[in-house]
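Everything on this sheet refers to the single structure shown next.
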Amino acid sequence: MNSRRKGSTCAIEVQGLHKAFGPLSVLRRLSLRVEWGECLVLLGPNGSGKTTLLKVLATLARPDAGQVQVAGYDQRQYPAHVRAAVGMLGHHSLLYDELTPEENLRFYGRLYSVAGLEQRIAEVLKRVGMAERRRQRVRTMSHGMQRRVALARAILHDPPVLLLDEPESGLDQEALSLLKGILKGTVEHGGSVLMSTHNLEQGLALGDRIAILAGGRIAYLESARTLDAAAVQGAFRRHTGASL
Amino acid sequence: MTNFWRAVLTILWKDILLEVRAKETITPVLVFAFLVVIIFNFAFEPTPLLVVTVAPGILWVAFTFAGVLGLSRSFAVEKDKGSLDGLMLAPVGREAIYFGKLLGSFLFMLVVELLMLPPFLVLFNVPLFEPEFLITAMVATLGFAAVGTVFSAMSVNTRAREIMLPVLFFPIVLPVIIGAVAASGPILEEGSWSDIAGWLQFMVAFDAIFLVVSSLTFQFVLEE
Amino acid sequence: MLADLALIFLWVPTDATMGIVQRVFYFHVPSAWVGFLAFFVVFVGSIAYLVKPAPRWDALAHSAAEIGTLFMTIVLITGPIWARPVWGVWWTWSPQLTTSLILWLIYVAYLMLRAYAPTQQQAARYSAVLGIIGFVDVPIIYFAAILWRDIHPEKVVGPMAERGSLAPEMLFVFLFSVLTFTVLFVMFLQQRLTVRRAEDTLAQARRASSR
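Going down the list, the protein sequences come from chains L, A and V. So for the first sequence, this note's numbering puts the first residue at 1; every next one is plus one. So for the second sequence, this note's numbering puts the first residue at 1001; every next one is plus one. So for the third sequence, this note's numbering puts the first residue at 2001; every next one is plus one.
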């Protein structure tokens, strides 16, 4: 985890972030802080801007206004540093169908200049339980298996900041516990996780804090330790008018 | 080796590997280019005397159409599984992505052109395995790829992308097509380097200008 | 504009060899001038937008492109009207004509691209890239067409070669036309920008009310 800026006080710092698509404002002066060594879980109805927020943090989308710092680097000034510090798992697997997991990871590993690449590939594939299938083409794999390899891709360069967009989708019980282990490991080593989810139970189990995104900003933010499912559901209904 | 070139070669290598694995693009493109040549043969019905006049045109129309097909695949493979985001997430310069994809398209088109030459030679009985022609083809193809890579990345996001790419691409590369056809003419008549030097210089200038302009503007096409 | 029309149809003497149709000249060439001028505005607006993505730069480039398309269309319609009686053909692949036609095609591609882009920002950015690449390409196309002519000797003489010198009255009316068309272009551009601002406001209001 050397891609973190020395002396950076927190993993993610967002201030007054504004992002619109044409006349539609998705994020409105959103502010958020994620500390090192914590996992923040983001809840929100469809279209509330969870994916957009993660994309902005990962430098995939350009903010219209506001300050965004990831791992101590300003997203606008040092996009390459932010990219090196971030591991992102989105809706797409980002894998090439005709290549094997090993080849996919080799490709991305070279782009990230991962040291000791072959060893690292074997390691992450083992961590997601795909070691035996490392030479099978991705197109022949089930959706769940592809999600596992996609997860391996996201953590390949050992990023200090993990951005996960509904990571539990498509994962079976075994893969879920693997994911849990990876998140715990990241947090325990001082890294940070920001994940969006629709699954309240999973969110409460994984997150240190729970945030609700509504109306383009963080409408609710509480420590997960003091919360139960009913309390979060109540807050969710209050802020979004929908139920979880 | 600097990070830049390592990234370029990594992207190029991935594209080559994908194409060798799937052969999804090269086979249909070759068949298509061959069909274009055959259709033109019947459209013009060139006599041996006429062949020298129309052959360069037929050849470059086939190459251009085949090239557009190849270019449209170049970013379609990235788009369909969202792997373009994967490239964007990587800590490499956007120029490296441009040059990596450009070299992939360039090599792809060159291979198609080389494979097209023997059937063309048989059908039209013209000398094409000349160094003059091979250099002309390389210079022109580089120009195609330099401009086409930007428009391929653009059109893959638009509606009606199969139509948008040629609509964007053809007017801009027209000077290269003119140059390639004009330079191929003297070659088929057994001309020498001096006959095509002017056109070669012109196309090299085109390549240089658009390599610069395209690599500078490419990053704006990638962003969401 | 009215004064220009009056000058063209009432005052300037009819050309001795070309006859009444020569008066098209006072529309044709100034339109071409505006067409190319507009593309320069597109180019400047495009660069400005990529450097600093403010909507007004995009509005400028987009509006100029629309007006430029209009004037280039006028050029391509009036050209053959003039050429047919004078040269005996509707069309010839002279460098000027080729470049005008390709410029028109680039304009059309530009407007299509905007219509087919997935989001407004992408439409703005894509068309800005095309505006820059296209503008750089135009002189290259012209140059290629000249080189091409060199190896294919002209069958008909180009407009510039044939005209020789203009009578003083003709020159005056011609320059007056160029001036009028340029003023017309600036006025159109202002109008279009106002309309575009209104469109944006309307879209915003619609969004706000649909919430």
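Beta carbons: idealized from backbone N, C-alpha and C, even for Gly. All of these numbers come straight from a predicted model, not from anything done at the bench.
Quick one: residues in its chain with C-beta nearer than 7 Å to the C-beta of residue i, no 5 flanking neighbours on either side, listed in chain order?
i, result
"A:VAL1036", "VAL1061, ALA1062, PHE1065"
"V:TYR2116", "none"
"A:LYS1014", "none"
"A:ALA1146", "LEU1102, ASP1207, PHE1210, LEU1211, SER1214"
"V:LEU2189", "SER2063, ALA2064, ILE2067"
"A:ILE1196", "GLU1132, THR1136, ALA1183, PRO1186, ILE1187"
"A:VAL1139", "LEU1200, MET1203, VAL1204, ASP1207"
"A:LEU1142", "PHE1106, ASP1207"
For a test of the three-state rule: what should DSSP assign to residue i, helix, strand or coil?
i, result
"L:ARG76", "coil"
"L:GLU13", "strand"
"V:GLU2154", "Here the model assigns V:GLU2154 a pLDDT of 48, short of 50, so the residue's position is not dependable and the matter cannot be decided."
"L:LYS50", "helix"
"A:SER1192", "coil"
"L:ASP64", "coil"
"L:ASP165", "strand"
"L:HIS133", "In the sequence on display, residue 133 of chain L carries Arg and not His. Three-state DSSP puts L:ARG133 in a helix."
"L:GLY37", "coil"
"L:LEU32", "strand"
"L:LEU213", "strand"
"L:ALA219", "strand"
"V:LEU2101", "helix"
"L:CYS21", "Note that residue 21 of chain L is Phe in the sequence shown here, rather than Cys. Note: L:PHE21 maps to strand in three-state DSSP."
"L:VAL193", "strand"
"A:GLY1082", "coil"
"L:VAL114", "coil"
Return no unless some Cβ of chain L is closer than 8 Å to the Cβ of residue i.
i, result
"V:THR2119", "yes"
"A:LYS1081", "yes"
"V:ALA2059", "no"
"A:GLU1223", "yes"
"A:LYS1101", "no"
"A:ARG1006", "yes"
"A:PRO1091", "yes"
"A:ALA1022", "yes"
"A:GLY1086", "yes"
Just checking: is the beta-carbon of residue i within a distance shorter than 8 Å of some beta-carbon in chain V?
i, result
"L:PRO21", "The question names Pro, but residue 21 of chain L in the sequence shown is Phe. Taking Cβ atoms only, chain V reaches closer than 8 Å to L:PHE21, which makes this a yes."
"A:PHE1206", "yes"
"A:VAL1061", "no"
"A:THR1025", "no"
"A:THR1010", "no"
"A:PHE1220", "yes"
"A:VAL1036", "no"
"A:VAL1077", "no"
"A:PHE1133", "no"
Under 6 Å Cβ to Cβ from residue i, same chain only, skipping five residues before and after it: list those, please.
i, result
"L:HIS157", "TYR112, VAL114"
"A:LEU1126", "Here the sequence assigns Val to residue 1126 of chain A, which means Leu is not the residue at that position. So the qualifying residues of the chain are ALA1055, LEU1188."
"V:ILE2106", "GLY2134"
"L:LYS50", "LEU42, GLY44, SER196, LEU213"
"A:ARG1266", "There is simply no residue 1266 of chain A to check, as chain A begins at 1001 and stops at 1224 in what is shown."
"L:GLY90", "ASP165"
"A:ILE1097", "LEU1087"
Using a Cβ-Cβ distance cut-off of 8 Å, determine whether residue i contacts chain A.
i, result
"V:ILE2077", "no"
"L:ARG83", "yes"
"V:ALA2109", "yes"
"L:GLY66", "no"
"L:GLU98", "yes"
"L:SER25", "no"
"L:HIS18", "no"
"V:GLY2158", "With a pLDDT of 43 at V:GLY2158, under the threshold of 50, the modelled position of this residue cannot be trusted, and the question is left open."
"V:GLY2035", "no"
"V:TYR2026", "no"
"L:TYR108", "yes"
I'd like the list of long-range same chain contacts for residue i, defined as Cβ closer than 8 Å, with 5 residues on each side in sequence excluded.
i, result
"A:ILE1135", "LEU1200"
Taking Cβ-Cβ distances below 9 Å as the criterion, which residues of the stretch 1135 to 1159 of chain A are in contact with chain V? VAL1147, VAL1150, PHE1151, MET1154, SER1155, ASN1157, THR1158, ARG1159
Closer than 8 Å is the cut-off here; do at least three beta carbon pairs connect the stretch 128 to 140 of chain L with the stretch 171 to 189 of chain L? yes
Below 8 Å, how does it come out for the stretch 2078 to 2097 of chain V and the stretch 2055 to 2065 of chain V: are there three or more Cβ pairs, yes or no? no
Return the residues of the stretch 1161 to 1190 of chain A that lie within a Cβ-Cβ distance of less than 7 Å from chain B, sorted by chain order. The question asks about chain B, but that chain is absent: this structure's protein chains are L, A and V.
Specify whether the stretch 184 to 200 of chain L and the stretch 214 to 226 of chain L touch according to this definition: at least 3 beta carbon pairs, one from each stretch, less than 8 Å apart. no
Identify each residue in the stretch 2189 to 2210 of chain V for which the Cβ-Cβ distance to at least one residue of chain L is less than 8 Å, and report them in chain order. ASP2200, ALA2203, GLN2204, ARG2206, ARG2207
Are at least three pairs of beta-carbons, each pair with one atom in the stretch 2109 to 2125 of chain V and one in the stretch 1166 to 1181 of chain A, less than 8 Å apart? yes
Taking 8 Å as the cut-off, does the stretch 1126 to 1135 of chain A touch the stretch 1089 to 1100 of chain A (at least 3 CB pairs, one atom from each stretch)? no
Given 8 Å, three or more beta-carbon pairs between the stretch 2129 to 2147 of chain V and the stretch 2094 to 2105 of chain V: yes
At a cut of 8 Å, does the stretch 69 to 86 of chain L reach the stretch 1045 to 1059 of chain A through at least three beta carbon pairs? no
Give a yes or no on contact between the stretch 224 to 242 of chain L and the stretch 200 to 210 of chain L, applying the rule of three or more CB pairs nearer than 8 Å. yes
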